[in-house]
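Chain order of the listed sequences is E and A. Under our numbering, the very last position in the first sequence is 88; numbers go up by exactly one each time. Under our numbering, the very last position in the second sequence is 118; numbers go up by exactly one each time.
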Amino acid sequence: QQPVQSPQAVILREGEDAVINCSSSKALYSVHWYRQKHGEAPVFLMILLKGGEQKGHDKISASFNEKKQQSSLYLTASQLSYSGTYFCGTGVLPLSFGAGTTVTVRA
Amino acid sequence: DAGVTQSPTHLIKTRGQHVTLRCSPISGHKSVSWYQQVLGQGPQFIFQYYEKEERGRGNFPDRFSARQFPNYSSELNVNALLLGDSALYLCASSQASTGIGSPLHFGNGTRLTVT
Chain E
-18 QQPVQSPQAV
-8 ILREGEDAVI
2 NCSSSKALYS
12 VHWYRQKHGE
22 APVFLMILLK
32 GGEQKGHDKI
42 SASFNEKKQQ
52 SSLYLTASQL
62 SYSGTYFCGT
72 GVLPLSFGAG
82 TTVTVRA
Chain A
4 DAGVTQSPTH
14 LIKTRGQHVT
24 LRCSPISGHK
34 SVSWYQQVLG
44 QGPQFIFQYY
54 EKEERGRGNF
64 PDRFSARQFP
74 NYSSELNVNA
84 LLLGDSALYL
94 CASSQASTGI
104 GSPLHFGNGT
114 RLTVT
């Protein structure tokens, strides 16, 4: 079962914040986050393993709520380099990926 | 260290033909997964191999097959190509057999176009 991501797309100006949500109908043991730039392979950002744990990658952080079977990715003070499509992946291998959230950061 | 390498990078085939895609994982990684990514969608799981054994298979027809070699490299084969097989095929390697705590490292993919 694929996780559901929202929103589908978001447009930001540099310095603005955004939140991307990922929810699953199945119990979650871990959540992966990846970013894919146009024409490139997905790149690993972080894995969340414990309920409520927050991790960070630069000014990108995430939370994981096991009870709600949800994870959220927070883009803080966005930079141009944050543009791309963000995917959450859930489950043990194989991972099931959401449809992605396309983030466009404009100057 | 070299990342995950895939070949070829681009391929154009005709309906009904056969194609073989190749993947070399990161050194030390024993797990290889194959994903199909259609434009505008997330990667869809096709196969996972760990230590040369198939560990999982996605919802793809029997025209799709794969194998892993003793050096952990892998091949994905697709027979009787259909127009709908046109996609980016991604290979990902990881150290562990499960995704818990073990990130996937993706190659740059093979862009397959079926005409």
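Yeah, the Cβ is synthetic: ideal placement off N, Cα and C, and Gly gets one too. Remember, predicted model here, so these are calculated numbers, not experimental data.
Exercise. When the Cα atoms are used, what is the spatial distance from V81 (chain A) to S36 (chain A)?
Worked result: Residue 81 (chain A) sits at position 78 when you count from the first residue of the second sequence. Residue 36 (chain A) sits at position 33 when you count from the first residue of the second sequence. Roughly 15 Å separates the two Cα atoms.
Exercise. Within the 8 Å Cβ cut-off, does F45 (chain E) reach chain A?
Worked result: Stepping through the first sequence from its first residue, residue 45 (chain E) is reached at position 64. Not an interface residue.
Problem set entry | Buried versus exposed, by CB contacts within 10 Å (16 or more), I1 (chain E) | For the purposes of this step, residue 1 (chain E) is taken as residue 20 along the first sequence, with counting starting at 1. I1 (chain E) is buried by the Cβ-count criterion.
Exercise. So Q(-14) (chain E) and C3 (chain E) are in contact, right, with Cβ under 8 Å, and what is the actual spacing, rounded?
Worked result: Against the first sequence, residue -14 (chain E) aligns to sequence position 5. Against the first sequence, residue 3 (chain E) aligns to sequence position 22. Yes, they are in contact, since the Cβ atoms of Q(-14) (chain E) and C3 (chain E) sit about 5 Å apart, within 8 Å.
Problem set entry | Sub-8 Å separation of T82 (chain E) and Y63 (chain E) beta-carbons | Position 101 of the first sequence, counted from the first residue, corresponds to residue 82 (chain E). Position 82 of the first sequence, counted from the first residue, corresponds to residue 63 (chain E). Contact: no.
Problem set entry | Nearest to T85 (chain E) (by Cα), restricted to the options E:A8, E:Q17, E:V12 and E:S11 | What you label residue 85 (chain E) is simply residue 104 of the first sequence in a count that begins at 1. Checked all of E:A8, E:Q17, E:V12 and E:S11; the closest Cα to T85 (chain E) is E:Q17.
Exercise. For the beta strand (DSSP E) that E21 (chain E) lies in, which residues bound it at each end?
Worked result: Stepping through the first sequence from its first residue, residue 21 (chain E) is reached at position 40. Neither: E21 (chain E) is in no beta strand (DSSP E) and is coded neither H nor E.
Exercise. Taking the Cβ atom as the reference point for each residue, do A80 (chain E) and Q47 (chain A) lie within a distance shorter than 8 Å?
Worked result: As a position in the first sequence, residue 80 (chain E) is number 99, starting the count at 1. As a position in the second sequence, residue 47 (chain A) is number 44, starting the count at 1. Contact: no.
Exercise. So with Cβ pairs under 8 Å, would you call S34 (chain A) a contact of chain E?
Worked result: Here residue 34 (chain A) refers to the residue found at position 31 when the second sequence is read from its first residue. Yes, because at least one Cβ of chain E sits closer than 8 Å to the Cβ of S34 (chain A).
Problem set entry | Secondary structure of S68 (chain A), DSSP reduced to three states | Here the question's residue 68 (chain A) lines up with position 65 in the second sequence. In the structure shown, S68 (chain A) sits in a strand (DSSP, three-state: E or B).
Exercise. Between the C-alpha atoms of P28 (chain A) and S10 (chain A), what's the straight-line distance to the nearest angstrom?
Worked result: Position 25 of the second sequence holds residue 28 (chain A). Position 7 of the second sequence holds residue 10 (chain A). For P28 (chain A) and S10 (chain A), the distance between alpha carbons rounds to 12 Å.
For this session: Compare the beta carbon distance of Q40 (chain A) and A90 (chain A) with 8 Å and say whether it is the shorter of the two.
Result: Within the second sequence, numbered from 1, the residue matching residue 40 (chain A) stands at position 37. Within the second sequence, numbered from 1, the residue matching residue 90 (chain A) stands at position 87. Yes; because the gap between Cβ atoms is below 8 Å, this pair is in contact.
For this session: Grab me the residues of R60 (chain A)'s own chain with a C-beta within less than 7 Å of its C-beta, minus the 5 sequence neighbours each way, in chain order.
Result: Position 57 of the second sequence, counted from the first residue, corresponds to residue 60 (chain A). Once the five neighbours on either side are set aside, the close Cβ partners of R60 (chain A) are F50.
For this session: Output yes if chain E places a C-beta closer than 8 Å to the C-beta of Q51 (chain A); else output no.
Result: Translated into positions along the second sequence, residue 51 (chain A) becomes position 48. Chain E, which has a Cβ nearer than 8 Å to the Cβ of Q51 (chain A), makes this yes.
For this session: Tell me, please, which residues DSSP counts as bridged to V81 (chain A).
Result: As a working note, residue 81 (chain A) is residue 78 in the second sequence. DSSP output for V81 (chain A) lists A:V22 and A:F67 as bridge partner(s).
Problem set entry | Extent of the continuous beta strand (DSSP E) to which Y52 (chain A) belongs | Here the question's residue 52 (chain A) lines up with position 49 in the second sequence. Unbroken beta strand (DSSP E) run through Y52 (chain A): Q47 to Y53.
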